[in-house]
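Step one of this worksheet: look at the structure below.
Numbering (the numbering used here), first residue to last: 16 to 175.
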């Protein structure tokens with residue numbers, strides 16, 4: 016896989032997480048006393064900050080091989096914290112409503128947790144790509160391998 020495909024996948028996973036969090040934990044809440052007026056609820060803001068950090072900072076860190084290790088670390092921390100917090104939120108909501116088991120699985124945050132782990136594994140693939148690229152000395156690579164790493168097709172290399 017090419018680096019740019021993995022970067023786009025990482026961005027899309029993080030964006031999906033951000034949109035899901037904003038839909039579930041929207042920090043702009045409709046005022047019940049004044050229809051059409053929205054008020055800021057600061058307790059719901061941190062739930063949208065983690066995915067926003069994932070979209071902006073983690074994606075930016077993965078754009079360079081020199082900072083990919085920090086992106087990998089931050090991505091892993093966000094996924095672990097997200098898994099714990101989403102599972103806790105889901106369990107407390109289900110216990111409060113005493114749902115049957117099938118409704119617990121379908122109404123839980125398990126799909127959201129899967130999206131977070133998918134984001135992590137795309138980041139891991141991108142990190143592994145950078146480390147593999149770094150480990151191979153350029154002198155030992157064939158021209159075809161150099162062209163594939165640089166993102167050039169064979170037609171482009173013939174022109175050059």
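Heads up, the beta-carbon is just placed ideally off N, CA and C, and yes, glycines get one too.
Check: Residue burial classification, residue 90 (beta-carbon count within 10 angstroms, cutoff 16); Outcome: buried
Check: Contact set for residue 37: own chain, Cβ-Cβ below 6 Å, skip 5 residues either direction; Outcome: 63
Check: Sequence-distant residues of its chain with Cβ nearer than 7 Å to residue 97 (five each side left out); Outcome: 65 and 131
Check: Given residue 81 as reference, the closest of 142, 19 and 17 once Cα atoms are compared; Outcome: 142
Check: Residues near residue 171 in its chain [Cβ-Cβ closer than 6 Å; skip 5 each side]; Outcome: Its pLDDT being 49, under 50, residue 171 is placed unreliably by the model, and nothing is read from it.
Check: Bridge partner(s) assigned by DSSP for residue 53; Outcome: 45
Check: Local conformation of residue 36 per DSSP, three classes; Outcome: helix
Check: Alpha-carbon to alpha-carbon, residue 128 and residue 147; Outcome: 28 Å
Check: 4-residue-minimum alpha helix (DSSP H) runs that sit fully inside the region 41 to 128, ordered along the chain; Outcome: 60 to 68, 83 to 112 and 116 to 121
Check: Per-residue DSSP class, three states only, for residue 147; Outcome: helix
Check: Proximity of residue 134 and residue 46 at Cβ, strictly below 8 Å; Outcome: no
Check: CA-to-CA distance, residue 17 to residue 126, given in whole angstroms; Outcome: 27 Å
Check: Pairwise C-alpha distance: residue 93 and residue 61; Outcome: 12 Å
Check: Neighbourhood of residue 33 by C-beta distance below 8 Å, restricted to the same chain and skipping five residues each side; Outcome: 63, 66, 67, 69 and 70
Check: Same chain, Cβ closer than 7 Å to residue 40, five either side skipped, listed in chain order; Outcome: 59, 62 and 63
Check: Cβ pair residue 25, residue 74 closer than 8 Å; Outcome: yes
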